[in-house]
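Down below is the structure, laid out as structure tokens.
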Amino acid sequence: MPARRTPFGAAGGGPRKGAADRARAALRRAWAGPLAAAVIAAAPPAPATVAPDPARGKQVYERCLACHAVAHDRVGPRHCGLNGRRAGGLSGFEYSDALRAAGFTWNAQTLDRFLADPLGVVPGTTMTYDGIKDDRARRDLVAYLLSLPPCGGR
Amino acid sequence: MTDIQATPLAETDSGLILPRRSFLRGAGTLTLSAAAVAMLAGCESAAAGSSASAADVSILNTALGAELEAIAAYQVGAESGLLQKPVLDLAVQFQGHHKEHADVLAKTVRSLGGTPVDAKKAYDFPVDQLKSQNDVLGFAAGLEKGAVSAYLGAVPLFQNRDLAKAAASILGDEAMHWAVLRNALGQNPVPVAFVS
Chain Y
7 MPARRTPFGA AGGGPRKGAA DRARAALRRA WAGPLAAAVI AAAPPAPATV
57 APDPARGKQV YERCLACHAV AHDRVGPRHC GLNGRRAGGL SGFEYSDALR
107 AAGFTWNAQT LDRFLADPLG VVPGTTMTYD GIKDDRARRD LVAYLLSLPP
157 CGGR
Chain X
201 MTDIQATPLA ETDSGLILPR RSFLRGAGTL TLSAAAVAML AGCESAAAGS
251 SASAADVSIL NTALGAELEA IAAYQVGAES GLLQKPVLDL AVQFQGHHKE
301 HADVLAKTVR SLGGTPVDAK KAYDFPVDQL KSQNDVLGFA AGLEKGAVSA
351 YLGAVPLFQN RDLAKAAASI LGDEAMHWAV LRNALGQNPV PVAFVS
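This is the structure:
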């Protein structure tokens, strides 16, 4: 995510905050990691009826192109080398506080659950997107994302 | 770093997981000024009594970031020397729309007490892959299609229905851009009945 202030971040300049808001924000920051990890761990994976297809997933990825690219950072971080990367762990990209604190790594399971409901899994992420609800499309997208080579080829 | 597979499910039972709607309600509801909604929704009468949350501000800021990048992308296209009239005029016109979107998004964020994101000092576009007018058009079409999807994914998240309506209005504009660019590329301008 870009250099921006989340409504829940510590940086100044966010929405107006009273004492209650500040307390809620602090609580939210403290819970962000456990919440994200627990939500992902608790949710059952979507049933797989058709093998995920990275080629179809590349077409689904077109939905992401307003904010993401494979080889370079945009509004969102680049996706090359995503498999096994710590969430919020790409050097040089300014993530939301929530994603930095998420405490998980990207793999088939975490991507599937996050992409189904980004804000439900990581409340406070600046990926303000409702999610890809179609199981097959999401699995195809995950397969594509996991197929991307390490960064550095461009 | 914690691997989520290793996270004990007991955390679930401890009540740590909050439904997203509860979370959003807890995010602090702000009264949305009449001017803010009017600016974004273009309908002053809809503004009375509206409310928006801090989460809404976050959505607006994400959209603003994408709009600022689109402006920069069109600038690259316009200055590439690859676009010929009337395509060049079209690109400049579309860039102007994105400027209008960005302007009103920034003003709305500001009116809600937030701080609008700034444009990046530099953007990393695949300029080495842009060697013809069609390359530029294809790149722009991809951005516009992505923008349609991004707004589609944002609309249901707004707590404030006027902001959702306004985002849908921008979505419609981006969809028109996408269709016109596809047409300029000789592609079916409207290939599907539903966008996703």
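From first to last, the protein sequence lines are chains Y and X. Here my numbering runs 6 ahead of the position in the first sequence, where the first position is 1. Here my numbering runs 200 ahead of the position in the second sequence, where the first position is 1. Cβ coordinates follow ideal geometry from the N, Cα and C atoms, glycine included. Model, not experiment: these values are computed from the prediction.
Buried or exposed: residue i, going by 16 or more other Cβ atoms within 10 Å of its Cβ?
i: Glu300(X); result: exposed
i: Ala61(Y); result: exposed
i: Gln333(X); result: buried
i: Asn261(X); result: buried
i: Pro208(X); result: Only weak support is given to the placement of Pro208(X): the predicted model assigns it a pLDDT of 27, under 50, and the value that follows is read from those uncertain coordinates. So Pro208(X) ends up on the exposed side.
i: Thr308(X); result: buried
i: Thr55(Y); result: exposed
i: Pro356(X); result: exposed
i: Ala393(X); result: exposed
i: Glu279(X); result: exposed
i: Asp362(X); result: buried
i: Val257(X); result: buried
i: Asp289(X); result: exposed
i: Leu371(X); result: buried
i: Gly386(X); result: exposed
i: Gly228(X); result: With a pLDDT of only 42 at Gly228(X), under 50, the local geometry of the prediction cannot be trusted, and the value read off the model is given with reservation. It counts as buried.
i: Gly346(X); result: buried
i: Gly130(Y); result: buried
i: Gln295(X); result: buried
i: Ser97(Y); result: exposed
i: Arg382(X); result: buried
i: Arg310(X); result: exposed
For the alpha helix (DSSP H) containing residue i, list its first residue and its last residue.
i: Asp328(X); result: Segment: none, Asp328(X) is in no alpha helix (DSSP H) and carries neither H nor E.
i: Val292(X); result: 287-311
i: Val395(X); result: Counting along the chain, Val395(X) falls outside any alpha helix (DSSP H), and DSSP gives it neither H nor E.
i: Val257(X); result: 254-278
i: Val348(X); result: 333-354
i: Val175(Y); result: Beyond the ends of chain Y as shown, which are 7 and 160, falls residue 175(Y); an answer cannot be given.
i: Asp373(X); result: 361-384
Below 6 Å CB to CB, which residues in the same chain sit around residue i once its five sequence neighbours on both sides are set aside?
i: Val390(X); result: Ala379
i: Asp146(Y); result: Pro58, Asp59, Arg62, Gly63, Val66
i: Arg160(Y); result: Unreliable positioning characterises Arg160(Y) in this predicted model, as indicated by a pLDDT of 46, which lies under 50. A coordinate reading is not provided.
i: His298(X); result: Glu267, Ala270, Ile271
i: Ile138(Y); result: Leu121, Arg144
i: Ala149(Y); result: Pro58, Pro60, Gly63
i: Ser369(X); result: none
i: His377(X); result: Phe294, Glu344
i: Ala375(X); result: Val348
i: Arg225(X); result: Here Arg225(X) scores only 35 on pLDDT, less than 50, and its place in the model should not be relied on; the value that follows carries that caveat. If we look at Arg225(X) and ignore the five residues flanking it on each side, it has no Cβ neighbours.
i: Ala319(X); result: Leu268
Assuming residue i and residue j are in contact, meaning their beta carbons sit under 8 Å apart, how far apart are those beta carbons, in whole angstroms?
i: Val317(X); j: Leu264(X); result: 5 Å
i: Ala122(Y); j: Phe110(Y); result: Contact doesn't hold; Cβ gap of about 15 Å is too wide.
i: Val327(X); j: Leu282(X); result: Not a contact, Cβ separation roughly 10 Å.
i: Val287(X); j: Ala384(X); result: 6 Å
i: Asn360(X); j: Ala252(X); result: 4 Å
i: Asn113(Y); j: Gly90(Y); result: 7 Å
i: Leu117(Y); j: Leu154(Y); result: 11 Å between Cβ atoms; not a contact.
Leaving out the 5 sequence neighbours to the left and right, which residues in its chain are closer than 8 Å to residue i when beta-carbon positions are compared?
i: Gln273(X); result: A small correction: the amino acid at residue 273(X) is Ala; Gln does not occupy that position in the sequence shown. Excluding residues within five positions, the ones whose Cβ falls inside 8 Å are Tyr323, Phe325, Phe339, Ala340, Leu343.
i: Ser396(X); result: Ser349, Leu352
i: Val292(X); result: Tyr274, Ala278
i: Gln284(X); result: Gln333
i: Pro219(X); result: Confidence is the limiting factor: at Pro219(X) the pLDDT is only 35, short of 50, which leaves the residue's position unreliable and the question unanswerable from this model.
i: Asp373(X); result: His297, His301
Can you list, in chain order, the residues of its chain whose CB lies under 7 Å from that of residue i, leaving out five sequence neighbours each side?
i: Ala75(Y); result: Arg84
i: Ala364(X); result: Val355, Phe358
i: Pro156(Y); result: Cys86, Gly87
i: Ala302(X); result: Leu264, Glu267, Leu268, Ile271
i: Leu330(X); result: Ser280, Leu282, Val336, Phe339
i: Arg106(Y); result: Gly94
i: Gly314(X); result: Val257, Asn261
i: Tyr135(Y); result: Pro124
i: Arg80(Y); result: Cys73, His74
Checklist entry - What residues in the segment 279-300 of chain X have a beta carbon less than 8 Å from any beta carbon of chain C? => result Of the protein chains in the structure, Y and X, none is chain C.
Next on the checklist: Could you tell me which whole alpha helix (DSSP H) segments of length 4 or greater appear in the segment 41-127 of chain Y?
Outcome noted: Fully enclosed alpha helix (DSSP H) runs of 4 or longer: 60-66, 103-106, 114-122, 124-127.
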